[in-house]
Amino acid sequence: MGKFNFDKGTSREGTYSVQYEGTDALFGRSGLEPFWIADMDIEIAEPIAEAMKNRIDNRIFGYTIWQNPKFYAAVKHWWSSRFGIELKDEEISYAPSVLFTVGEVIRQHSEEGDGVILTTPSYNAFISQLKGNGRKIVDCPFIEDEKGYQFDFEHFETLCKREDVKVYIHCNPHNPTGKVWTGSELRKIREICMANGVFLISDEIHMDFARPRSSFVSMVELMEEGDRILVTTGLGKTFNLASLPHSYFISRDKEFRRKLNQDIGSKYGMGAANSLALAAVEAAYNECGEWVDELNDHLEENFQLVEDYIDEHMSEWLTFKKPDATYLAWISFEKSGLDDDTVHKALVEIGGIAVSPGKMYDVKKNQHFRFNVASSRERIILGLGRIRKTFEEITKITKK
Ligand SMILES: Cc1ncc(COP(=O)(O)O)c(C=O)c1O
1 MGKFNFDKGT SREGTYSVQY EGTDALFGRS GLEPFWIADM DIEIAEPIAE AMKNRIDNRI
61 FGYTIWQNPK FYAAVKHWWS SRFGIELKDE EISYAPSVLF TVGEVIRQHS EEGDGVILTT
121 PSYNAFISQL KGNGRKIVDC PFIEDEKGYQ FDFEHFETLC KREDVKVYIH CNPHNPTGKV
181 WTGSELRKIR EICMANGVFL ISDEIHMDFA RPRSSFVSMV ELMEEGDRIL VTTGLGKTFN
241 LASLPHSYFI SRDKEFRRKL NQDIGSKYGM GAANSLALAA VEAAYNECGE WVDELNDHLE
301 ENFQLVEDYI DEHMSEWLTF KKPDATYLAW ISFEKSGLDD DTVHKALVEI GGIAVSPGKM
361 YDVKKNQHFR FNVASSRERI ILGLGRIRKT FEEITKITKK
């Protein structure tokens with residue numbers, strides 16, 4: 001047993017948690033056992049709680065400057081100690097959230113009606129952001145083979161050459177598949193984008209969940225001075241801080257960086273930092289590396305449990321292989337021959353469980369669901385039992 005207990009039972013009662021209390025909108029009912037939205041049933045690390053308490057003790061929450069030496073030092077320390085990447089202060093900018101940054105990059109680098117490339121399946125919020133901003137979704141689907149999810153470079157290059165295509169939203173590690181992109185894949189992507197004038201956004205919010213850590217290559221490593229690339233990330237996933245709005249981005253495009261910072265301040269009036277988030281960033285990035293390493297061990301064990309349980313009890317209907325990153329299990333029910341509406345209705349009505357329907361992550365038919373394993377072992381077993389019950393019952397009904 002490690003230093004930290006990730007199997008501890010937790011409660012979100014009275015916190016208006018989307019995971020627990022927000023199932024009505026998507027699943028049509030409350031009281032479901034939830035394993036859907038990407039936050040964790042795991043308490044934050046002690047140094048972060050302490051730092052926030054200390055900040056609260058000051059009792060003044062006035063406007064706060066993010067351009068300060070402690071913030072820069074914490075971010076630089078994390079990137080250097082975790083990934084061996086040395087950043088400069090001026091390359092780092094604070095922003096309200098990762099999705100805000102992605103949305104703003106799209107608005108600044110394309111017009112309404114222009115195309116933005118997504119690799120599908122894709123994080124559902126990218127799909128809704130493109131719809132919400134009136135951009136065309138230009139789909140570059142993964143090709144799945146026995147080795148995993150392969151990127152179709154030929155198709156990607158054809159898409160990048162199109163006049164109407166202006167931006168590519170890249171996600172590394174990838175939500176929902178858990179793919180960790182190799183250095184050589186990233187180099188090719190960068191080259192194709194730069195050669196065709198396509199702005200490259202790399203969303204690396206899941207960067208701390210690449211297992212092993214050394215497998216993660218950030219686009220920052222390949223980014224040259226002046227490249228039209230922006231890397232956006234934050235601590236919302238790694239340290240379970242999604243409701244403390246904050247993020248930061250890294251860019252070596254000096255002019256764009258200046259404009260984006262200026263617009264966040266004067267166009268949107270959001271130039272000041274969330275002071276509790278800043279306190280959390282400092283504590284997390286300076287003191288919680290070991291906590292993240294052990295959390296990854298716990299997640300790896302949970303994924304192994306899911307893989308073994310499916311092999312043993314549900315291999316008739318489901319296919320799943322542990323991903324190389326994230327805490328999201330992308331599980332296929334293609335084998336079952338059941339259509340997605342039937343499965344998702346049954347998971348809710350028979351299983352009493354909320355998992356994310358695959359069709360949210362795609363622009364075409366999708367026979368997967370996403371099961372969040374950032375929880376105690378006990379809850380994962382509970383969830384798996386409910387999925388098993390669903391498939392046992394549904395196949396009895398459909399066979400009749
Ligand atoms: C790939 C990805 N990007 C961004 C976000 C959300 O980030 P933020 O809350 O900072 O907008 C998520 C949350 O699930 C995510 O998976």
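Residues in the sequence shown are numbered from 1 upward in steps of one, following full-length UniProt numbering.
From the three backbone atoms N, C-alpha and C, an ideal C-beta is built for every residue, glycine too.
Residue pairing by DSSP puts serine 251 in a beta bridge opposite Leu230.
The beta carbons of alanine 38 and asparagine 372 sit about 6 Å from each other, so the pair counts as a contact at 8 Å. Residues lining ligand 1 by the Cβ criterion, that is a Cβ closer than 7 Å to any of its heavy atoms, are Ala38, Ser97, Val98, Leu99, Phe100, Tyr123, Ala125, Cys171, Asn175, Asp203, Ile205, His206, Gly234, Gly236, Lys237, Ala242, Ser247 in chain order. Rounded to the nearest angstrom, the gap between the Cα atoms of asparagine 133 and phenylalanine 71 is 32 Å. By DSSP's assignment, histidine 170 forms a beta bridge with Ser202. Judged by DSSP secondary structure, glycine 183 falls outside any beta strand (DSSP E) and instead within the alpha helix (DSSP H) spanning 183-195. At a Cβ-Cβ threshold of 8 Å, leucine 305 and arginine 377 count as neighbours. By alpha-carbon distance to aspartate 41, the top candidate from Thr398, Phe391, Ser375 is Ser375. Three or more beta-carbon pairs drawn from the segment 219-234 and the segment 176-195 are found closer than 8 Å, and the two stretches are therefore classed as touching.
Valine 18 and serine 243 have their C-alpha atoms some 10 Å from each other. Residue burial annotation: phenylalanine 199 is buried, with at least 16 other C-beta atoms found within 10 angstroms of its C-beta. In the structure shown, arginine 370 adopts extended strand secondary structure according to DSSP, grouped into three states.
Across the set Asn54, Gly84, Tyr248, Thr326, the C-alpha of Tyr248 shows the shortest separation from the C-alpha of glutamate 90. The continuous alpha helix (DSSP H) containing lysine 131 extends over residues 124-132.
Here DSSP, grouped into helix, strand and coil, assigns proline 357 to strand. Looking at the backbone, the Cα of arginine 258 and that of aspartate 208 are separated by about 27 Å. In its chain, beyond the 5 residues on either side, Arg55, Phe61, Thr64 have a beta carbon closer than 7 Å to the beta carbon of serine 275. In this structure glycine 178 touches threonine 326 by the C-beta definition: roughly 5 Å separates them, less than 8 Å. Pairwise C-beta distances place the segment 286-299 in contact with the segment 2-9, as three or more of them are shorter than 8 Å. Around the beta carbon of asparagine 172, a 10 Å sphere encloses 16 or more other beta carbons of the protein chains shown; the residue is thus reported as buried. The beta carbon of glycine 115 lies closer than 6 Å to those of Lys136, Val138, Asp164, Val165 in the same chain, with the five residues before and after it left out.
Annotated as proximal: isoleucine 92 and valine 75, with beta-carbon spacing under 8 Å.
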